[in-house]
Amino acid sequence: MSDSDNDNARAPSEPPSDPPSEPRSEPSSKPPSGWARTSQRPAERDEQVPFRAVTLFASLLVGILLVGALSYLFPAGDDSMAAELLVDRNTRIFPYPFTIQNVMWLAFCAAAGELVVRHFTGRREGDQIYLGLLPEDDETILRKRDLAPIYNRVVESDPERRYLLQRLLTGALLQFRNSGSVDQVNSMTNVSLELYQHEIELRYNMLRYVIWLIPTLGFIGTVLGIAFAMRSAGVMFAGASIMDGTIGPEMMEQLTGDLGVAFYTTLLALLQSAVLMFAMHIMRGKEEGALNRIGQYCLGNLSNRLHEESGPGRP
Numbered sequence: 003m004s005d006s007d008n009d010n011a012r013a014p015s016e017p018p019s020d021p022p023s024e025p026r027s028e029p030s031s032k033p034p035s036g037w038a039r040t041s042q043r044p045a046e047r048d049e050q051v052p053f054r055a056v057t058l059f060a061s062l063l064v065g066i067l068l069v070g071a072l073s074y075l076f077p078a079g080d081d082s083m084a085a086e087l088l089v090d091r092n093t094r095i096f097p098y099p100f101t102i103q104n105v106m107w108l109a110f111c112a113a114a115g116e117l118v119v120r121h122f123t124g125r126r127e128g129d130q131i132y133l134g135l136l137p138e139d140d141e142t143i144l145r146k147r148d149l150a151p152i153y154n155r156v157v158e159s160d161p162e163r164r165y166l167l168q169r170l171l172t173g174a175l176l177q178f179r180n181s182g183s184v185d186q187v188n189s190m191t192n193v194s195l196e197l198y199q200h201e202i203e204l205r206y207n208m209l210r211y212v213i214w215l216i217p218t219l220g221f222i223g224t225v226l227g228i229a230f231a232m233r234s235a236g237v238m239f240a241g242a243s244i245m246d247g248t249i250g251p252e253m254m255e256q257l258t259g260d261l262g263v264a265f266y267t268t269l270l271a272l273l274q275s276a277v278l279m280f281a282m283h284i285m286r287g288k289e290e291g292a293l294n295r296i297g298q299y300c301l302g303n304l305s306n307r308l309h310e311e312s313g314p315g316r317p
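Per this note's numbering, the very first residue in the sequence shown carries number 3; after that it's consecutive.
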């Protein structure tokens, strides 16, 4: 066998193997030492649903009791203005107590219950700044190594992340831990405060709808009252004549009375909506004031105390 045949019979040599590559390190999901791990599930942005449901049920129950008290105060046959204005006691359009006024009273009480929820929410948000989560003296300077105990204290004070202060502090502390830049912390704080402002606005959507609904019900009652009065006038005046005396003052009094009652629903609705609107602006001012104090608290006791440590690439 020739040398060339021997060369062909040889097994092809394997290419030189590459040097073993170093395993790529995956980013660690563990927080730095001393920093508590927080839950990654979405935070509860508003009050607990059971609390609001119980408040709504209690408000409707109060509304039913109020209607019952007004019905007892103004018995059937009472033709006073208060009886017609508040409950339409002698209605001929709907079977009592299913009147437009009584429905408006239920809506009014439901809105009042939502205002109670907003009141307690604003008070709880404002009370968070008194928990002592941040140093409040005039000498403390915070470095990155000092933030872990503060972060853990913030997380422990609100594990469910329901309150604006704890959510703002958590984001600011994590931002400084990752970037070490006070400017980025301030930018993140400003953006968060704007988002929280919009969140407060969204909390009043249902309340604004109910305040709009009450005047709408009042106008519906007025339209129905006018339509009923016109129909009654057509029945009363059919074939009647002033000349022969068949149209008397009693018929005119009944017609004008029906027209007057028709406008009582609008009057009551405007009064109720005015009261609710006034109370809503007060509650909204309290919540926005609490958010303002939270922002000042974070600015004065966290952002102004942070110290950027010098390192590679920094002067």
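Built from N, CA and C at the ideal position, the CB exists for glycine as well.
Using a 10 angstroms sphere on the CB of F110, the tally of other CB atoms reaches 16 or more, which defines it as buried. Beta-bridge partners of L144 (DSSP): L308. For S189, the three-state secondary structure derived from DSSP is helix. A straight-line Cα-Cα distance of about 40 Å links P137 and A113. Straight-line spacing of the CA atoms in I213 and T268 works out to 13 Å. Going by DSSP, G134 is part of no alpha helix (DSSP H) at all; its letter is neither H nor E.
A straight line joining the alpha-carbon of L304 with that of D140 spans about 12 Å. Between the beta-carbon of T224 and that of A264 there is about 5 Å, and that keeps the pair under the 8 Å contact cut. Remark: C-beta atoms of E162 and E289 do not approach each other more closely than 8 Å. W107 has its alpha-carbon roughly 11 Å from the corresponding atom of F100.
Annotation for E290: the continuous alpha helix (DSSP H) segment containing it runs 266–303.
One alpha carbon belongs to N207, the other to M285, and they sit about 14 Å apart. Annotated three-state conformation of S183 is coil, per DSSP.
The DSSP assignment places complete alpha helix (DSSP H) segments of no fewer than 4 residues inside the region 78–103 at 83–88, in order along the chain. A straight-line Cα-Cα distance of about 10 Å links Q177 and S189. Taken through DSSP and simplified to helix, strand or coil, P151 comes out as helix. Taking 8 Å as the cut-off, the Cβ atoms of L135 and I152 count as close. Per DSSP, reduced to three states, the secondary structure at P161 is coil, with no helix or strand assignment. E86 counts as buried, since at least 16 other C-beta atoms from the protein chains shown sit within 10 angstroms of its C-beta.
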